[in-house]
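Counted the way my numbering counts, the sequence shown spans residues 1 to 370. For every residue, glycine included, the Cβ atom is placed at its ideal position computed from N, Cα and C. Some notes on the structure that comes next.
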Amino acid sequence: MTTAQFVQFLDICDIQGGTQPPKSTFIEEPNEGYVRLLQIQDFKTDKKAVYVPDKQTLKKCTADDIMIARYGASLGKILSGLEGAYNVALVKTIPDLERLDRAYFAHFLRADAFQSFILNLGGRAAQAGFNKADLERITIPLPPLEEQKRIAGILDQADTLRRLRTRALDKLNTLGQAIFHEMFGPRAQDWESWPIVPLGELAENLDGKRIPLKKADREKRKGNVPYYGASGIIDFVDEFLFEGTHLLVGEDGANLLARSSPIAFTAEGKFWVNNHAHVLRPNGRSELRFLQYHLESIDLKPFVTGSAQPKLNQKQLNRIPVRLPPKSLQKKFVAALDQRRSIIGTQAGLLSQSEKLFASLQHRAFRGEL
């Protein structure tokens, strides 16, 4: 470890703001004489790419340049990997690469010290963003260039490890649905012989026992009992309405159609449910988690009413057809889920370890202790 001197940010790196061409000049397809106009959203998806007439007045970046989001909810986000002109919501960093290693610098910008500084500038609203003068108040540790490269290499390895473990956990989280389709999809053996039964004949509906609580009322009743809404736990209260293992199904909201989060989930132990989630108790003809995955696997549009405020009412929920495999096969599916849950627990623990390792290394690196 080499002791690092701390230098003023602007002594080692300049920044350059973007330009904002008129929206009337935007086109959605590449064309001769046009250049891509980069916006913060473009670093997440290419679906909304726009192009503007290529002019000398535009500010441009390469894929290697490190950009900082300047305004709004993305304030402080560190972005790279695209080239083109960039708009006023972004600034380009121009580091002195004879003194500052690019990878080391990128890690510094993503570290807590810089991020906290940017997000808490004078307590201003995020929309106010930051300007060049603000950066005069921050310093960056600057060990010799070779030492910077060594530190960046260590952080790169730790970052790669946590990313790999995150991807592994993401894949495991989708494995349950894959197992369901393999065991119970149209290609399953004897699939056509399985009876089709309405969901209402497989589970008892307990919606009549639900009681919604206003937020103000929940504030007065804080406890450790989960309080469920349409997409899961939204609070904790001091008493329970239900006990045991039940299946909850979202009753209303855009998620019924968008499916950006689960609409069916298991609640166990003691819990409270508001009037935005149906409460089902399987009657013994089917496994609860089989029903859960079935509901996640089907298109609910034919059963949802309303467009401005989609709703899956109790009558429509009870109508949902379920192709019912033998109970023994359902139990085999549940056993596979239990095995997967055990592996997920292990992987989640490993991910937590790698996250803590990266955070520790990052903290030490920019205190001159690595």
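{"Query": "How many Å lie between Arg285 and Leu202 at the Cα?", "Result": "6 Å"}
{"Query": "Looking only at its own chain, which residues have a Cβ that is under 7 Å from the Cβ of Ile118, when we skip the five neighbours before and after it?", "Result": "Leu75, Gly76, Phe130"}
{"Query": "Considering just the uninterrupted stretch of the alpha helix (DSSP H) at Gly334, what are its terminal residues?", "Result": "First, the residue type needs correcting, since residue 334 is Val and not Gly in the sequence shown. Val334 -> alpha helix (DSSP H) spans 327-365."}
{"Query": "If you reduce the DSSP assignment to three classes, tell me which class Arg372 lands in.", "Result": "Only positions 1 to 370 of the chain appear in this structure, which leaves residue 372 out of reach."}
{"Query": "Determine the DSSP secondary structure at Glu147, reduced to helix, strand or coil.", "Result": "helix"}
{"Query": "Count the other C-beta atoms from every protein chain shown that fall within 10 angstroms of the C-beta of Leu256, then say buried if there are 16 or more, exposed otherwise.", "Result": "buried"}
{"Query": "For Thr93, list the residues DSSP reports as bridge partners.", "Result": "Ile15"}
{"Query": "How about Asp267 and Leu248: are their beta carbons less than 7 Å apart?", "Result": "Residue 267 is actually Ala in this sequence, not Asp. In contact: Ala267 and Leu248 (Cβ atoms closer than 7 Å)."}
{"Query": "Assess contact between the region 56-71 and the region 86-96, defined as three or more Cβ pairs (one per stretch) separated by less than 8 Å. Is contact present?", "Result": "yes"}
{"Query": "Out of curiosity, what's the CA-to-CA distance linking Phe108 and Lys44?", "Result": "22 Å"}
{"Query": "Counting along the chain, where does the alpha helix (DSSP H) carrying Gln294 start and finish?", "Result": "Correcting the residue type first, residue 294 is His in the shown sequence and not Gln. Where His294 is concerned, the enclosing alpha helix (DSSP H) stretches over 288-297."}
{"Query": "CB of Asn173 to nearest heavy atom of the ligand GDP: below 6 Å?", "Result": "In the structure on display, the ligand GDP does not appear, and there are no ligands present to speak of."}
{"Query": "Where does the unbroken beta strand (DSSP E) through Asp235 begin, and where does it stop?", "Result": "232-237"}
{"Query": "Tell me the DSSP secondary structure of Gln189 in three-state form.", "Result": "coil"}
{"Query": "Exposed or buried, what is Glu136 when buried is set at 16 or more other beta-carbons lying within 10 Å of its beta-carbon?", "Result": "exposed"}
{"Query": "Does DSSP classify Asp156 as helix, strand or coil?", "Result": "helix"}
{"Query": "Between the region 65-73 and the region 44-53, do three or more beta carbon pairs fall short of 8 Å?", "Result": "no"}
{"Query": "Relative to the C-alpha of Thr346, which residue among Arg165, Phe242, Gln148 is closest?", "Result": "Arg165"}
{"Query": "Rounded to whole angstroms, what's the CA-CA distance from Pro282 to Glu204? Just pull it up for me.", "Result": "6 Å"}
{"Query": "Lys270 bridges to which residues according to DSSP?", "Result": "Glu243"}
{"Query": "Comparing alpha-carbon positions, which option in Glu369, Ala111, Ile344 lies nearest Lys171?", "Result": "Ile344"}
{"Query": "Looking at Phe6 and Thr139, is the spacing between their C-beta atoms short of 7 Å?", "Result": "yes"}
{"Query": "Do Leu175 and Arg392 have their beta-carbon atoms positioned less than 7 Å apart in this structure?", "Result": "No statement about residue 392 is possible, as the shown extent of the chain runs from 1 to 370 and does not include it."}
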